[in-house]
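Q:
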Amino acid sequence: MECLKMAPAQRFSKKLDPVQTADMIRESVQSPDKRRALIQNAVATSAILRFANNEYLKAFGVSIDPKMIEVPARALPAPSVEVKGPKGVVEAMAVRDGVWNMSKKNVISSPRIPSYAFVFFFKFDDRTAAQIAFNLVQMWRAAGVDLAVAKNCATVIGNPFRAGNVKAKLMAGYQAAKTTFKVLPTILFCVLDPFCKNLHDDIKRVTLFEAGVMSQCMMERHLRSPDAIKEMHARNVALKVHPSRVEIIANMETIFGAGLDAFRDANGRKSPVHVIFYRDGVASGQFKAVRDVEVKGCLVAIHKRGLAGKCKIDTDIVHPTEFNFVLQSHAGLQGTSRPTIYHVVHDDIKFGSDNLQQLSYHLAHLSQRSTRAISMVAPAHQAHVLAYCDFHSEGSPSTPPRDADLKLQRLHSNVSKLMFYV
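Everything in the sequence shown is counted per the numbering used here, starting at 71 for the first residue and increasing by one.
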């Protein structure tokens, strides 16, 4: 018999499960005042940093102020959100601290969802699953989502731990929706077991690449019983139910051309007057390369760097000669929030600093995933979400591709023009 002892404090490089992630955040989160005190104490008294008595700093005439710099900031006016009130009248709702409440409010318009099914990858009995599906449909319809109504919702229950069962049950749900509503399904609503790894990616891979149907995943902990469904959670889901190399985009013309064609198709063949690119993942030393290689317009590079929501800074801690600004568009739920730095790399439009800052702040309120402002502009955040949709990969997520130009499996034509990643 052999005894293996693990050395403590080893780095875990694999993806944490939801419980581990929650525990990690709970242990590491710190309030802004506590984090500030720790930083100032480290600068003033740390025996390791020794800023006050560092001979090398003194030799170069450099001194470190133990106090944090205070900079002037400006609070930008928040946008208003248009919703449909209880009486069916469109009204403007104020946004406070980057948050708005959709309780008792409806979306103004919703595309018709003529066919759908619920697939439960959790141990529910048939009666409970049917009642949960019925309650969700009623809550979504009350929120303004135009869902077709059937006497009995199309529901399928499957065991995600059994090999091959995920695909089989998804296709069974697809057929159940077709049988119930007499038309091909628009979306599959899936309830996930929290302890089944890779279940979310398996669902997306089957629905997007093989079945050609949208899917919306929900965790079992929010739907433990028909009576335990919270209205706010149901309404947040309703908002979504609308149908490491150098980061220089060499084929930007091709990518932009596809986006331009999509814009024209949706706007009667009219072309946009101005185009603004928000680019993330660009280091400070790459600005010139980005400016020379990628399409010229108004190109804004984004950096993540805590401040109150709607706070904007464009003096003292920004670049002395180039146009950049710091924007705190979201109010953090816990811990210290990180603001975002926007650096204007090139501007042919002459948009102006105030207009660009206001536009960037308003765009942070357009995420379909929540009723809160997010940390960066919504188009860049959606690009992040899409980039991490690694549904085509069946190997280890930490294994790099052998060739940057690998031919990946194409999306099904039914979903290729839809915002499936929302």
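Idealized CB from N, CA, C, for every residue including glycine. Computed from a predicted model, the values in this text were never measured in an experiment.
Between which two residues does the alpha helix (DSSP H) harbouring Y126 extend?
A: For the purposes of this step, residue 126 is taken as the residue at position 56 of the sequence shown. Its alpha helix (DSSP H) spans residues E125 to A129.
Q: Closer than 8 Å is the cut-off here; do at least three beta carbon pairs connect the region 197-204 with the region 291-309?
A: With the cut-off at 8 Å, the region 197-204 and the region 291-309 touch.
Q: By alpha-carbon positions, which one of A143, P142, S179 and I109 ends up nearest to E152?
A: The residue given as residue 152 occupies position 82 in the sequence shown. Considering only alpha carbons, the answer is S179.
Q: Are A187 and L258 close, meaning C-beta to C-beta below 8 Å?
A: Start at 1 with the first residue of the sequence shown, and residue 187 comes out as number 117. Start at 1 with the first residue of the sequence shown, and residue 258 comes out as number 188. Yes, the pair counts as a contact, with Cβ atoms nearer than the cut-off.
Q: Residues in the same chain with beta-carbon distance under 7 Å from L436, minus the five sequence neighbours each way, listed in chain order, please.
A: Stepping through the sequence shown from its first residue, residue 436 is reached at position 366. Cβ neighbours of L436 beyond the five flanking positions: A448.
Q: Pull up the CB-CB distance for E290 and V261, whole angstroms please, since I reckon it's below 8 Å.
A: Taking the first residue of the sequence shown as 1, we reach residue 290 at position 220. Taking the first residue of the sequence shown as 1, we reach residue 261 at position 191. Correct: roughly 6 Å between the Cβ atoms.
Q: Any beta-carbon of chain C closer than 8 Å to the one on G422?
A: This model lacks chain C altogether, as it is built from one protein chain only.
Q: Whole angstroms are fine: how far does the CA of K237 sit from the CA of S271?
A: One-based indexing of the sequence shown puts residue 271 at position 201. One-based indexing of the sequence shown puts residue 237 at position 167. Reading the sequence as shown, one finds Asp at residue 271 and not Ser. About 12 Å.
Q: Give me the Cβ distance between S430 and L456, rounded to the nearest whole Å; I'm assuming they're in contact under 8 Å.
A: Here residue 430 corresponds to residue number 360 of the sequence shown, with the count starting at 1. Here residue 456 corresponds to residue number 386 of the sequence shown, with the count starting at 1. Not confirmed; about 20 Å, so no contact.
Q: Figure out for me which residue from L269, F421 and T249 has the closest Cα to the Cα of P88.
A: Numbered from 1 along the sequence shown, position 18 holds the residue referred to as residue 88. Taking only the C-alpha atoms, the option nearest P88 is L269.
Q: Would D350 and A443 qualify as a contact pair, given that the criterion is a beta-carbon distance under 8 Å?
A: For this step, residue 350 is matched to residue 280 along the sequence shown. For this step, residue 443 is matched to residue 373 along the sequence shown. Taking 8 Å as the Cβ cut-off, D350 and A443 do not qualify as a contacting pair.
Q: For S486, which of helix, strand or coil comes out of DSSP?
A: As a first step, residue 486 must be located in the sequence shown, where it is residue number 416. Reduced to three states, the DSSP call for S486 is coil.
Q: Check whether the Cβ atoms of Q57 and Y412 lie closer than 8 Å to each other.
A: Only positions 71 to 492 of the chain appear in the structure, and residue 57 is not among them; the question remains open.
Q: Please look up how many angstroms separate the CB atoms of Q110 and L309, rounded, as I've assumed it's under 8 Å.
A: Here residue 110 refers to the residue found at position 40 of the sequence shown. Here residue 309 refers to the residue found at position 239 of the sequence shown. 41 Å between Cβ atoms; not a contact.
Q: Are R408 and S445 close, meaning C-beta to C-beta below 8 Å?
A: Translated into the one-based positions of the sequence shown, residue 408 becomes position 338. Translated into the one-based positions of the sequence shown, residue 445 becomes position 375. Cβ distance < 8 Å, so R408 and S445 count as in contact.
Q: For a minimum of 3 consecutive residues, which ranges assigned as the beta strand (DSSP E) are wholly contained in the region 226-251?
A: Taking only runs of at least 3 residues, no beta strand (DSSP E) segment lies wholly in the region 226-251.
Q: Which residue spans inside the region 286-316 form an unbroken alpha helix (DSSP H) run of at least 4?
A: Counting whole runs of 4 or more residues, the region 286-316 contains the alpha helix (DSSP H) stretches 301-310.
Q: Let me check understanding here. Comparing Cα to Cα, which of S341, I273 and V414 lies closest to V360?
A: To locate residue 360, count along the sequence shown from 1; it is residue 290. That would be V414, whose Cα lies nearest to the Cα of V360.
Q: What residues are listed by DSSP as bridge partners for I183?
A: Counted from its first residue, the sequence shown places residue 183 at position 113. BP columns for I183 point to L217.
Q: Give the straight-line distance between the Cα atoms of V189 and R144, rounded to the nearest whole angstrom.
A: To locate residue 189, count along the sequence shown from 1; it is residue 119. To locate residue 144, count along the sequence shown from 1; it is residue 74. Cα to Cα, V189 sits roughly 48 Å from R144.
Q: Determine the DSSP secondary structure at Y491, reduced to helix, strand or coil.
A: Along the sequence shown, one-based indexing puts residue 491 at 421. Note: Y491 maps to coil in three-state DSSP.
Q: Pairing CB atoms from the region 241-260 with CB atoms from the region 217-228, are three or more of them under 8 Å?
A: As far as the Cβ criterion goes, the region 241-260 touches the region 217-228, which means the pair count is three or higher.
Q: Can you round the beta-carbon distance between A224 and A246 to whole angstroms, since I take them to be within the 8 Å contact cut?
A: Within the sequence shown, residue 224 is the residue found at index 154, counting from 1. Within the sequence shown, residue 246 is the residue found at index 176, counting from 1. Rounded, the Cβ-Cβ distance is 4 Å, consistent with contact.
Q: Which same chain residues, not among the five before or five after N235, have their C-beta less than 6 Å away from its C-beta?
A: Locating residue 235 in the sequence shown gives position 165, counting from the first residue. G228 and N229, listed in sequence order.
Q: Please tell me whether K487 and A332 are closer than 8 Å, where the distance is taken between their beta carbons.
A: Taking the first residue of the sequence shown as position 1, residue 487 is located at position 417. Taking the first residue of the sequence shown as position 1, residue 332 is located at position 262. Yes, the pair counts as a contact, with Cβ atoms nearer than the cut-off.
Q: Could you check the C-alpha separation between L433 and V345 for me, to the nearest Å?
A: Taking the first residue of the sequence shown as 1, we reach residue 433 at position 363. Taking the first residue of the sequence shown as 1, we reach residue 345 at position 275. The alpha-carbon atoms of L433 and V345 are separated by roughly 14 Å.
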